[in-house]
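K.L.:
This structure is in structure tokens; I'll ask about it shortly.
There are 2 protein chains.
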Amino acid sequence: MTSIAASFVRNGKKIVAIGRNYVDHVKELNNAIPKEPFFFLKPTTSYLHSGGSVEIPKGIIAHHEIELGVVIGRGGRDISQANSGAHIAGYALAVDMTARNLQDEVKKKSLPWSAAKGFDTFTPISSFIPKSEVTDPQNLNLWLKINGEFKQNGNTSHMMFPIPRLIEHVSSIMTLEEGDLLLTGTPSGVGPISPGDTIECGLSDASTQKELAKLQFR
Amino acid sequence: MTSIAASFVRNGKKIVAIGRNYVDHVKELNNAIPKEPFFFLKPTTSYLHSGGSVEIPKGIIAHHEIELGVVIGRGGRDISQANSGAHIAGYALAVDMTARNLQDEVKKKSLPWSAAKGFDTFTPISSFIPKSEVTDPQNLNLWLKINGEFKQNGNTSHMMFPIPRLIEHVSSIMTLEEGDLLLTGTPSGVGPISPGDTIECGLSDASTQKELAKLQFR
Ligand SMILES: [Mg+2]
Ligand SMILES: [Mg+2]
Ligand SMILES: [Mg+2]
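Taken in order, these protein sequences are the chains called A and B. First residue of the first sequence: 7, per the numbering used here; consecutive thereafter. First residue of the second sequence: 7, per the numbering used here; consecutive thereafter.
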């Protein structure tokens, strides 16, 4: 039987997405550098698994944000940084699609980000990567190409708040459950995708170059 | 066997909460009247079922917002107002607890509302009310008392956007699934609860006075 964690796309209940966790990305959008992590929720109905197409609603400018996803194995609340590893089942490569023009509009009005982040198909996701396959989650390369051209190419060592700190912060507010996905923020290079574009993404171990995940969609 | 809808507290995946849907509440917080519905997401880990205590984190001012919850029975996307009734399994009485000082702070910074709305125990919820027991969901009284004193006392006929419009709007952005809960906004009278307060809430049919739900917590 598959665990809930391994089948998180079907059986997980929430996606907790961290904002502004890479300095270069914070700067490219002229945002303030956060003093502590912050997050928003995406619905699991936004998952787009095994290819397919991101649906861009009429009038929406849809930006790609390549991110490392952390899949929760053992649930908990008030998880300490020291214990956080025991709560991780594995990883996934994800794209946090963002309706940037709608997000800009709601930010001006101090309204929630939920719609701008939550459209169906706005979370393209790779297969589950068991944590045994990952030597060091803070030394992974993650990249995204549009029509063969690199747009994002980062390394998880550049996170301002590393994964244990993120798990500590989120679980101090809301209980994490098996199958929940934690998105850890995006490096710089975000930008729009257009209908017909081919988007390819990859995740690899930066020390061994071992490929951990690939993800392609239109 | 219980349906997913009837056991939505345990088995539902998302809570979609509408903001500013009663004019008197919009005015009491000096907010702008929205031209179309907007919403945020709450995690299902925030449910507080059958009594218990709302946990108020240190430094947080926790406001009560009494709301009618709509439990989705049949999932769907792009649901029309005309078809929306067929997607409803029933109702529940809910309190959308809100960390008001944290919400004010993130609104100033144009940040997401997710933490301010998402703490564990921040969605006290009644038992499931099958829709067969509800004559007209737009003519229900909902009230909240603290230590015996009325704080909120509204009627769902005063929603600016009625339930069919809310379902149409949300499902145009994200697929609704069986067991999802739609919170429909709060009437005026929101305010803080303090540790030790007894909070009692009720939902009744305004034409027959039939009581549909009661909810008590501390
Ligand atoms: Mg939000
Ligand atoms: Mg992101
Ligand atoms: Mg509310």
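We put the CB at the ideal spot given by N, CA and C, even for glycine. None of these values were measured; they are calculated from a predicted model.
Rounded to the nearest angstrom, what separates G57 of chain A and P193 of chain A at their Cα positions?
P.N.:
Distance between the alpha carbons of G57 of chain A and P193 of chain A: 22 Å.
K.L.:
If you measure from the beta carbon of R16 of chain A to each beta carbon in chain B, is any gap under 8 Å?
P.N.:
By this cut-off, R16 of chain A is not an interface position.
K.L.:
Quick check on F156 of chain B: does DSSP put it in helix, strand or coil?
P.N.:
Residue state, collapsed to three classes: strand.
K.L.:
Check whether the Cβ of G25 of chain A lies closer than 7 Å to any heavy atom of ligand 2, and answer yes or no.
P.N.:
Yes, since a heavy atom of ligand 2 falls inside the 7 Å radius drawn around the Cβ of G25 of chain A.
K.L.:
Using only CA atoms, which one of B:L74, B:G154, B:G202 and B:I169 lies nearest to A219 of chain B?
P.N.:
Nearest option by C-alpha distance: B:L74.
K.L.:
Cα separation between R83 of chain B and L182 of chain B?
P.N.:
Cα to Cα, the separation comes out at about 6 Å.
K.L.:
Cβ-heavy atom distance between G267 of chain A and ligand 2 below 7 Å?
P.N.:
Because chain A here runs from 7 to 224, residue 267 of chain A falls outside it and cannot be looked at.
K.L.:
Select from B:L117, B:T214, B:L54 and B:H164 the residue whose C-alpha is nearest the C-alpha of Q222 of chain B.
P.N.:
Taking only the C-alpha atoms, the option nearest Q222 of chain B is B:L54.
K.L.:
To the nearest angstrom, report how far apart N89 of chain B and H164 of chain B are at their CA atoms.
P.N.:
The straight-line gap from Cα to Cα measures roughly 22 Å.
K.L.:
Would you mind working out which of A:N161, A:I39 and A:R26 sits nearest D211 of chain A, comparing C-alpha positions?
P.N.:
Among A:N161, A:I39 and A:R26, the Cα nearest to that of D211 of chain A belongs to A:N161.
K.L.:
Comparing C-alpha positions only, which one of A:A12, A:N36, A:P170 and A:K114 sits nearest to V77 of chain A?
P.N.:
Nearest C-alpha to V77 of chain A: A:A12.
K.L.:
Decide if the segment 137 to 148 of chain B is in contact with the segment 39 to 55 of chain B; the criterion is three or more beta carbon pairs, one per stretch, under 8 Å apart.
P.N.:
Because the criterion of three Cβ pairs below 8 Å is not met, the segment 137 to 148 of chain B and the segment 39 to 55 of chain B do not touch.
K.L.:
Between P130 of chain B and chain A, is there a C-beta pair that is closer than 8 Å?
P.N.:
Chain A contact via Cβ: absent.
K.L.:
Could you tell me whether any non-hydrogen atom of ligand 3 is closer than 7 Å to the CB of E73 of chain B?
P.N.:
For ligand 3, at least one heavy atom lies less than 7 Å from the Cβ of E73 of chain B.
K.L.:
May I ask you to report which of helix, strand or coil DSSP gives A105 of chain A?
P.N.:
In the structure shown, A105 of chain A sits in a strand (DSSP, three-state: E or B).
K.L.:
From G185 of chain B to A98 of chain B, what does the alpha carbon distance come to, in whole angstroms?
P.N.:
Those two C-alpha atoms are separated by around 12 Å.
K.L.:
Is the beta carbon of V176 of chain B less than 8 Å from the beta carbon of H31 of chain B?
P.N.:
No; because the gap between Cβ atoms is not below 8 Å, this pair is not in contact.
K.L.:
So does D102 of chain B have its beta carbon nearer than 7 Å to some heavy atom of ligand 3?
P.N.:
Yes, the Cβ of D102 of chain B comes within 7 Å of a heavy atom of ligand 3.
K.L.:
Name the chain E residues whose beta carbon is nearer than 7 Å to that of L117 of chain A?
P.N.:
Included in the structure are the protein chains A and B, with no chain E among them.
K.L.:
Could you pull out every residue in the same chain whose Cβ sits closer than 7 Å to the Cβ of I62 of chain A, ignoring the five residues on either side in sequence?
P.N.:
Closer than 7 Å at the Cβ level, and outside the excluded window around I62 of chain A, lie A68 and P201.
K.L.:
State the Cα-Cα distance for the pair S226 of chain B and G96 of chain B, rounded to the nearest angstrom.
P.N.:
A query on residue 226 of chain B cannot be resolved here, the shown segment of chain B reaching from 7 to 224 and no further.
K.L.:
Sort out for me which residues DSSP pairs I72 of chain A with in a bridge.
P.N.:
Note: I72 of chain A sits in a beta bridge opposite A:V101.
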